[in-house]
Every structure is written in C-alpha cells, then in structure tokens.
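The next block holds one structure in the form of structure tokens; read it before the comments.
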Amino acid sequence: MRGLPGRRAGSAPRGLGARAAPAAARVLPCSLTHERSKDTGETSMLKTPVLVPMHQTAHADEFDCPPELQHTQELFPKWRLPIKIAAVASSLTFLYTLLREIIHPLVTSHQQYFYKIPILVINKVLPVVSITLLALVYLPGVIAAVVQLHNGTKYKKFPPWLDRWMLARKQLGLLSFFLAVLHAIYSLSYPMRRSYRYKLLKWAYEQVKQNKEDAWIEHDVWRMEIYVSLGIVGLAILALLAVTSIPSVSDSLTWREFHYIQSKLGIVSLLLGTIHALVFAWNKWVDIKQFVWYTPPTFMLAVFLPIVVLMSKAVLLLPCLRNRILKIRHGWEDVTKINKTEMSSQL
1 MRGLPGRRAG SAPRGLGARA APAAARVLPC SLTHERSKDT GETSMLKTPV
51 LVPMHQTAHA DEFDCPPELQ HTQELFPKWR LPIKIAAVAS SLTFLYTLLR
101 EIIHPLVTSH QQYFYKIPIL VINKVLPVVS ITLLALVYLP GVIAAVVQLH
151 NGTKYKKFPP WLDRWMLARK QLGLLSFFLA VLHAIYSLSY PMRRSYRYKL
201 LKWAYEQVKQ NKEDAWIEHD VWRMEIYVSL GIVGLAILAL LAVTSIPSVS
251 DSLTWREFHY IQSKLGIVSL LLGTIHALVF AWNKWVDIKQ FVWYTPPTFM
301 LAVFLPIVVL MSKAVLLLPC LRNRILKIRH GWEDVTKINK TEMSSQL
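Read in order, the letters of the sequence shown are residues 1 to 347 in full-length UniProt numbering.
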C-alpha cells in the first residue's frame with residue numbers, strides 16, 4: 001500500500017487518514033523563498049514559505065499560477081470519492097425521512113407537514129450521514145486487520161479498493177465533522193422556529209385545559225440531559241480530530257501522538273455518537289408507532305453500521321487476536337499461510 005516513506009506495504013496508518021507530507025516536502029508552483037531566522041540568520045525549512053512575485057513586480061495578477069499549470073491541475077481529486085459517498089448517503093436518507101415524516105401523514109390523514117423539510121427533516125438526515133461517515137473511517141481498519149490475519153503477513157498489499165478506501169479516510173472524517181457541526185447548529189435553531197412557538201402555546205393550552213399544575217416528566221428530562229451532554233463531548237472530540245488532521249498541526253506531533261489521537265480518540269468519538277443516538281431513541285425501540293409503513297425509524301439505521309464497527313473492534317481486542325495482529329505488524333510472518341499462498345499462486 002502507498003503510505004509514508006519507508007512504510008512497508010499493508011501497514012497503513014489508522015485514523016482520519018494518512019499524515020500529510022512534511023512542510024519542507026511540499027512544492028508550490030510559484031516562486032518561493034523562505035523567511036530567514038532572526039536568531040541564526042540561516043534559512044529554515046520549517047519557516048512558512050513566502051510567495052515572491054514573478055519578475056519581482058508588484059502586480060497582484062502575477063501571484064497567480066501560470067495558465068498552463070492551472071489546466072493541468074486536478075480539482076479536489078482526493079475529495080471526489082468521499083463527496084460521492086456523502087451525497088449518495090444524504091440523498092437516500094433524505095428520501096427515506098421524507099417518506100416517513102411527510103408523505104405518510106399526507107397519504108394516511110391528509111395532513112401537510114411540508115414546513116418540516118427545511119429544518120426538521122434536514123436535521124434528521126445530518127446526524128445519520130455524519131455518524132455513518134465516521135463509521136466508514138474506522139471500518140477499513142477492521143477489514144485491514146482481518147486481511148492481515150488471513151494473509152499472515154503485513155508485506156502483502158491490500159486490495160486496490162481497500163487501499164483507495166483507506167486513503168480517503170481523512171476526507172470522510174472531515175465531512176463527518178462538518179455534518180455534525182451543521183447538526184448542532186440546526187438543533188440550536190429549534191426554539192427560534194415559529195412552528196415551535198405555536199406548538200409550545202398549544203402544549204401550554206392543553207396543560208391548562210387538563211388542569212395540570214406541573215408538566216415535568218422525569219425520564220424525559222434525564223433523556224435529554226444525557227444525550228445532549230454526550231453529543232457535546234462527542235463533537236468536541238471530533239473537532240480535535242479535525243484540527244489534528246491539518247498539516248501544520250499534524251507535522252508538530254510525533255507519530256505516536258498523532259496515532260493516539262486519530263485512532264483511540266476517534267473510536268471514543270464514534271462510541272459517544274452511538275450512545276448519543278441510543279439515548280435519544282430511549283424507549284422508542286419498542287414503540288410500534290415508530291414503525292411507519294413497516295419501516296424502522298431513522299435512528300435504527302443510524303446506529304447499525306457504528307455498532308458493527310464497535311463490535312468488530314471489540315472482537316479484535318481479544319488477546320488471542322490482538323497479540324497475533326501486533327506480531328504481524330511488527331514484522332512476524334505466518335510461514336504456513338505464506339507457503340499455502342505461494343503454492344496456490346504457482347498452480
């Protein structure tokens with residue numbers, strides 16, 4: 001697999017994606033010079049590159065890349081696959097939510113809830129796609145471990161589709177963070193909606209009509225307090241992952257620090273997001289009214305893939321498998337499996 005210089009095939013890093021090349025290795029198409037260190041007077045490769053205008057003129061247009069280079073450069077080549085995955089997942093989730101939230105009441109009771117589309121429907125799509133993309137960040141690591149266990153070595157290359165998937169993890173993680181931030185903003189906008197104010201007045205009128213002095217529901221209060229708190233912590237950890245994926249930040253970290261943040265804290269973020277969705281559902285799992293037209297609610301679809309990833313990670317942490325994976329990643333090879341592979345390839 002392609003990776004960092006000196007990294008052998010099949011030992012790709014885990015997390016939101018492979019670390020970017022050092023700042024000194026990046027080449028910009030324009031003429032460059034480096035800031036001189038005030039202390040030593042020597043040119044430092046760690047300093048920020050400074051653009052120098054072509055022919056030493058002051059025209060702003062001359063800072064632009066030459067036209068011949070503009071036509072040869074690709075536009076976001078690493079983002080194409082992740083954006084396609086996010087677009088397909090968003091479209092399918094939107095249509096599924098639209099069917100349950102808008103079309104079903106229109107067909108069954110002739111109630112029009114189209115006003116829910118801009119906020120409520122979209123805000124149900126965002127968390128589903130966000131946690132799905134986050135699960136897709138860590139699923140290839142599970143598959144890679146299974147492949148290495150099957151091959152008995154880390155020196156055999158991964159399949160091309162898995163290699164491409166692993167190289168897209170950084171972009172998938174950043175898209176997941178972006179959608180999670182949008183989900184938080186949309187959720188904060190709930191009290192500002194006019195429809196919410198009308199509904200609040202309706203609840204107050206019904207409470208007075210029923211002669212209730214207190215509308216406090218203990219388990220519902222606990223449910224909201226817990227899942228909001230989990231969502232905040234999960235989003236904060238996801239923000240930390242996004243910040244450490246910035247090249248200038250990742251270059252300042254050691255490999256062990258970068259790996260710990262992206263791998264360990266990333267799984268914690270996925271776990272918190274999954275628990276956040278489960279607590280939000282609370283007792284809706286057994287509520288028959290949630291299964292509209294025999295379709296499961298969206299939160300069930302949201303937690304399916306994350307639960308699969310978390311359970312797979314837990315299985316791979318078993319000592320019998322964990323020790324074998326660590327041996328393989330440190331260079332140990334299972335001779336019996338390698339011999340069988342060579343014999344089958346010769347046949």
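Ideal placement from N, C-alpha and C gives every residue a C-beta, glycine not left out.
**Asked** Since Leu175 and Ala239 are thought to touch, with beta carbons under 8 Å apart, how far apart are those beta carbons, to the nearest angstrom?
**Response** Your numbering for residue 175 matches position 175 in the sequence shown. Your numbering for residue 239 matches position 239 in the sequence shown. Not quite, the Cβ-Cβ distance comes to about 14 Å (not below 8 Å), so this is no contact.
**Prompt:** Count the other CB atoms within 10 Å of the CB of Trp332; is the residue buried (16 or more) or exposed (fewer)?
**Reply:** On the sequence shown, position 332 is the one that residue 332 refers to. The residue in question, Trp332, is exposed, as its Cβ has fewer than 16 Cβ neighbours within 10 Å.
**Trp255 versus Phe299 - alpha carbon distance** = Taking the first residue of the sequence shown as position 1, residue 255 is located at position 255. Taking the first residue of the sequence shown as position 1, residue 299 is located at position 299. Rounded to the nearest angstrom, the two C-alpha atoms are 36 Å apart.
**Item:** Thr97 (DSSP reduced to helix, strand or coil)
**Value:** Reading the sequence shown from its first residue, position 97 is the one you call residue 97. Here Thr97 sits in helix by DSSP.
**Item:** Cβ shell of Tyr268 (< 7 Å), same chain only, five flanking positions each side left out
**Value:** Within the sequence shown, residue 268 is the residue found at index 268, counting from 1. A small fix is needed here, since residue 268 is Val in this sequence, not Tyr. The beta carbon of Val268 lies closer than 7 Å to those of Ile237 in the same chain, with the five residues before and after it left out.
**Request:** Verify whether the separation of the beta carbon atoms of Ile338 and Gly152 is less than 7 Å.
**Result:** Position 338 of the sequence shown, counting from 1, holds the residue named residue 338. Position 152 of the sequence shown, counting from 1, holds the residue named residue 152. Contact: yes.
**Request:** Return the chain-ordered list of same chain residues with a C-beta closer than 7 Å to the C-beta of Leu265, the five sequence neighbours on each side being excluded.
**Result:** Sequence index remark: in the sequence shown, residue 265 carries index 265 (1-based). The beta carbon of Leu265 sits closer than 7 Å to those of Ile237, Leu240, Leu241, all from its chain and outside the five residues before and after it, given in chain order.
**Request:** Name the one or two DSSP bridge partners that Thr298 has.
**Result:** Position 298 of the sequence shown holds residue 298. Answer is none; Thr298 lacks a bridge partner.
**Request:** Use the C-beta contact count for His163: other C-beta atoms within 10 angstroms, 16 or more gives buried, fewer gives exposed.
**Result:** Residue numbering aside, residue 163 sits at position 163 when the sequence shown is read from its first letter. Strictly speaking, residue 163 in this sequence is Asp, with His absent from that position. Only buried fits Asp163, as 16 or more other CB atoms lie within 10 angstroms of its CB.
**Prompt:** Around the Cβ of His183, are there at least 16 other Cβ atoms within 10 angstroms (buried) or fewer (exposed)?
**Reply:** Here residue 183 is taken as the residue at index 183 of the sequence shown, counted from 1. By the neighbour-count rule (16 or more Cβ atoms within 10 Å), His183 is buried.
**Message:** Please classify Leu244 as buried or exposed, where buried requires at least 16 other C-beta atoms within 10 Å of its C-beta.
**Reply:** Numbered from 1 along the sequence shown, position 244 holds the residue referred to as residue 244. Per the sequence shown, residue 244 should be read as Thr rather than Leu. Its Cβ being crowded by 16 or more others within 10 Å, Thr244 is buried.
**Item:** Close Cβ partners of Ser189 (< 8 Å) along its chain, the five nearest in sequence each way excluded
**Value:** Walking along the sequence shown from the start, residue 189 turns up at place 189. Sequence-distant partners of Ser189 (beyond 5 residues in either direction) whose C-beta falls short of 8 Å from its own C-beta, in its chain, are Ile119.
**Asked** How far does the alpha helix (DSSP H) with Asp220 in it reach, from first residue to last?
**Response** Taking the first residue of the sequence shown as 1, we reach residue 220 at position 220. 218-244 is the extent of the alpha helix (DSSP H) around Asp220.
**Prompt:** Thinking C-beta only, is Gly234 closer than 7 Å to Leu272?
**Reply:** In the sequence shown, residue 272 corresponds to position 272, counting from 1. In the sequence shown, residue 234 corresponds to position 234, counting from 1. Their beta carbons are under 7 Å apart, which means Leu272 touches Gly234 by this criterion.
**Message:** My assumption, with CB atoms under 8 Å, is that Phe280 sits in contact with Tyr227. Please give the rounded CB distance.
**Reply:** The residue you call residue 280 lines up with position 280 of the sequence shown. The residue you call residue 227 lines up with position 227 of the sequence shown. With 8 Å as the limit, Phe280 and Tyr227 qualify as a contact, their Cβ atoms being about 5 Å apart.
**Asked** Taking C-beta to C-beta, are Val292 and Arg100 nearer than 7 Å?
**Response** Walking along the sequence shown from the start, residue 292 turns up at place 292. Walking along the sequence shown from the start, residue 100 turns up at place 100. Against a cut-off of 7 Å, the Cβ pair of Arg100 and Val292 comes out as a contact.
**Any 3 or more C-beta pairs closer than 8 Å across the stretch 164-174 and the stretch 71-85** = yes
**Message:** Rounded to the nearest angstrom, what separates Ser310 and Gln207 at their Cα positions?
**Reply:** Sequence index remark: in the sequence shown, residue 310 carries index 310 (1-based). Sequence index remark: in the sequence shown, residue 207 carries index 207 (1-based). In the sequence as displayed, the identity of residue 310 is Leu instead of Ser. Cα to Cα, Leu310 sits roughly 43 Å from Gln207.
**Message:** At the level of alpha carbons, what is the spacing between Gly231 and Lys212?
**Reply:** The sequence position of residue 231 within the sequence shown is 231, counting from 1. The sequence position of residue 212 within the sequence shown is 212, counting from 1. For Gly231 and Lys212, the distance between alpha carbons rounds to 32 Å.
**Request:** Under 8 Å by Cβ, that's how I've got Val129 and Leu179 pegged, so tell me the actual separation to the nearest angstrom.
**Result:** The residue labelled residue 129 in the question sits at position 129 within the sequence shown. The residue labelled residue 179 in the question sits at position 179 within the sequence shown. At roughly 6 Å, the Cβ-Cβ gap stays under 8 Å, so Val129 and Leu179 are in contact.
**Message:** Please report the straight-line C-alpha distance between Ile143 and Trp216, rounded to a whole angstrom.
**Reply:** Working through the sequence shown from its first residue, we reach residue 143 at position 143. Working through the sequence shown from its first residue, we reach residue 216 at position 216. Between Ile143 and Trp216, the C-alpha separation is close to 47 Å.
**Asked** What residues match up with Val292 in a beta bridge as DSSP calls it?
**Response** Taking the sequence shown and counting its residues from 1, the one referred to as residue 292 is at position 292. Per DSSP, Thr295.
**Asked** The alpha helix (DSSP H) with Ser130 in it runs from where to where?
**Response** Position 130 of the sequence shown, counted from the start, is the residue given in the question as residue 130. Here the alpha helix (DSSP H) through Ser130 covers 122-151.
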